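K.L.:
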Amino acid sequence: MFNLDIRDQLQSACNSLHSQSLGRRLYQIQQGESRYWVKAQLFGLNSISEQAFLNELHVYQQLARQKTKILLPFEIVDSQTLFNDAEQYLQPTLIIQHSTMLFEQSSIHFSRAEVLHRLLKSLDVVSDLHQVGYLHGDLKAEHFRLNGKQCYLIDFEQATLLDQLNPHHSATPRYMAPELFHAEAKSIQSDIYALGIIWLEWLTQQRLQEKSYMDWAYLHCQHLQVQLPEPFERFEPVLSVMLHKIKAHRAANINEIKQRLSEFV
Numbered sequence: 001m002f003n004l005d006i007r008d009q010l011q012s013a014c015n016s017l018h019s020q021s022l023g024r025r026l027y028q029i030q031q032g033e034s035r036y037w038v039k040a041q042l043f044g045l046n047s048i049s050e051q052a053f054l055n056e057l058h059v060y061q062q063l064a065r066q067k068t069k070i071l072l073p074f075e076i077v078d079s080q081t082l083f084n085d086a087e088q089y090l091q092p093t094l095i096i097q098h099s100t101m102l103f104e105q106s107s108i109h110f111s112r113a114e115v116l117h118r119l120l121k122s123l124d125v126v127s128d129l130h131q132v133g134y135l136h137g138d139l140k141a142e143h144f145r146l147n148g149k150q151c152y153l154i155d156f157e158q159a160t161l162l163d164q165l166n167p168h169h170s171a172t173p174r175y176m177a178p179e180l181f182h183a184e185a186k187s188i189q190s191d192i193y194a195l196g197i198i199w200l201e202w203l204t205q206q207r208l209q210e211k212s213y214m215d216w217a218y219l220h221c222q223h224l225q226v227q228l229p230e231p232f233e234r235f236e237p238v239l240s241v242m243l244h245k246i247k248a249h250r251a252a253n254i255n256e257i258k259q260r261l262s263e264f265v
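The following block contains the structure:
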């Protein structure tokens, strides 16, 4: 995919200091006119971060074998080919092609038809992941990427097979379904809930704000309101089904959401 002689570009990581304290390193590199991201993990700083990184590499390999359309162009390479101090790193390193965020631009800049188009793109890629037997487990707005006209997913550190679910999980409170605060296992419906939060924030252009884990639990389990601005009010019934507090009343799968949106096409 690119020339591996990039050591001079791997001097300064661009991820957060907190992430770096857990051993994670993220670098942006340039090869000709193309940009890539190098994701690596230092050895011995945080076992949970190490396991999440190795899980992501495994998921990339499994999804690539299934020839899905979920993944951006990527390579998994030996850290020794990249880093002068390679002995400090877990041996595999992930390199991914740069892309733009599907939800980067404000929804107010798009027609309702384009907004619907982007919502459907996000549904398609999550549906593709579920159909090959995986949950993402940590969907966020920045994980939906555009390369050309195709939508992709990134960051599979918390991804898991649908038939290997357990209640011991890591997730981001902003996007957590109510049942996850009660230690239930992740499910297709918890992915749907997270996607609903992404849509809600994008369509309202208002980021949910809470100060603590308990505050997030209080919001998601009791007080989340689905109210969209006038141009997008038509999507409220669909979003309400995605964000229902009771799992049994939430949309059961992506196809159900697509069917509800089909009346707007």
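Taking UniProt numbering, I'd label the letters of the sequence shown as residues 1 to 265. Cβ coordinates follow ideal geometry from the N, Cα and C atoms, glycine included. A quick note: this is a predicted structure, and the numbers were derived from the prediction, not measured.
(1) Who are the Cβ neighbours of Ser107 in its own chain at under 6 Å, not counting the five residues just before and after it?
(2) Grab me the residues of Leu239's own chain with a C-beta within less than 8 Å of its C-beta, minus the 5 sequence neighbours each way, in chain order.
(3) Hey, how far is the Cα of Thr172 from the Cα of Asp138?
(4) Evaluate Ala194 with the Cβ neighbour count: other Cβ atoms within 10 Å of its Cβ, from every protein chain shown; 16 or more gives buried, anything less gives exposed.
(5) Mind checking which residues open and close the alpha helix (DSSP H) that includes Glu201?
(6) Measure the C-alpha to C-alpha separation of Asn84 and Leu26 and round it to an integer number of angstroms.
(7) Taking the C-alpha atoms as reference points, what is the distance between Gln9 and Ser79?
(8) Can you have a look at Met176 and say buried or exposed, based on whether 16 or more other CB atoms are within 10 angstroms of its CB?
(9) What are the uninterrupted segments assigned as alpha helix (DSSP H) that are 4 or more residues long and contained completely in the segment 9-83, given in chain order?
(10) Whose C-alpha, out of Arg145, Tyr134 and Leu45, is nearest the C-alpha of Glu104?
(11) Please return the same chain residues whose Cβ sits closer than 8 Å to the Cβ of Leu71, not counting the five positions on each side in sequence.
(12) Where Glu56 and His117 are concerned, what is the direct C-alpha to C-alpha distance, given to the nearest angstrom?
(13) If you follow the alpha helix (DSSP H) that Tyr213 is part of, which residue opens it and which one closes it?
(14) Find out if the Cβ-Cβ distance for the pair Gln150, Lys69 is shorter than 8 Å.
(15) Just reading off the beta strand (DSSP E) that Arg145 is part of, what are its end residues?
(16) Report the residue from Glu33, Trp216, Gly32 and Gln51 whose alpha carbon sits nearest the alpha carbon of Leu22.
(17) I'd like to know whether the C-beta atoms of Ile188 and Asn255 end up nearer to each other than 8 Å.
(18) What three-state label does DSSP hand Gln150 in the structure shown?
(19) Quick check: the segment 121-141 against the segment 209-222, are there 3 or more CB pairs under 8 Å?
(20) Does the Cβ-Cβ distance between His136 and Asp191 come in under 8 Å?
(21) With distance defined between alpha-carbon atoms, name the residue in Arg35, Arg207 and Leu180 nearest to His98.
(22) How long is the line joining the alpha carbons of Gly44 and Phe235, rounded to whole angstroms?
P.N.:
The short version:
(1) Closer than 6 Å at Cβ, skipping near neighbours: Val115, Trp202 and Leu203.
(2) So the qualifying residues of the chain are Gly196, Trp199, Leu200, Leu203, Val226 and Leu228.
(3) Taking the straight line from one Cα to the other gives about 7 Å.
(4) Result: buried.
(5) Here the alpha helix (DSSP H) through Glu201 covers Ile188 to Thr204.
(6) Cα to Cα, the separation comes out at about 16 Å.
(7) Taking C-alpha positions only, Gln9 is separated from Ser79 by approximately 14 Å.
(8) Met176 should be labelled buried.
(9) If only uninterrupted alpha helix (DSSP H) runs of at least 4 residues are considered, those enclosed by the segment 9-83 are 17-21 and 47-65.
(10) Of the listed residues, the one whose Cα sits closest to Glu104 is Arg145.
(11) Around Leu71: Tyr60, Leu63, Ala64, Tyr152 and Leu153.
(12) It is roughly 28 Å from the alpha-carbon of Glu56 to the alpha-carbon of His117.
(13) If you look at Tyr213, you'll find it in the alpha helix (DSSP H) that goes Tyr213 to Tyr218.
(14) At a Cβ-Cβ threshold of 8 Å, Gln150 and Lys69 count as neighbours.
(15) Residues Phe144 to Asn147.
(16) That would be Gln51, whose Cα lies nearest to the Cα of Leu22.
(17) Contact flag unset, no.
(18) Assignment of Gln150 by DSSP, reduced to helix, strand and coil, places it in the strand class.
(19) Verdict: no, contact absent.
(20) Their beta carbons are under 8 Å apart, which means His136 touches Asp191 by this criterion.
(21) Nearest option by C-alpha distance: Arg35.
(22) Distance from the CA of Gly44 to the CA of Phe235, rounded to the nearest whole angstrom, comes to 47 Å.
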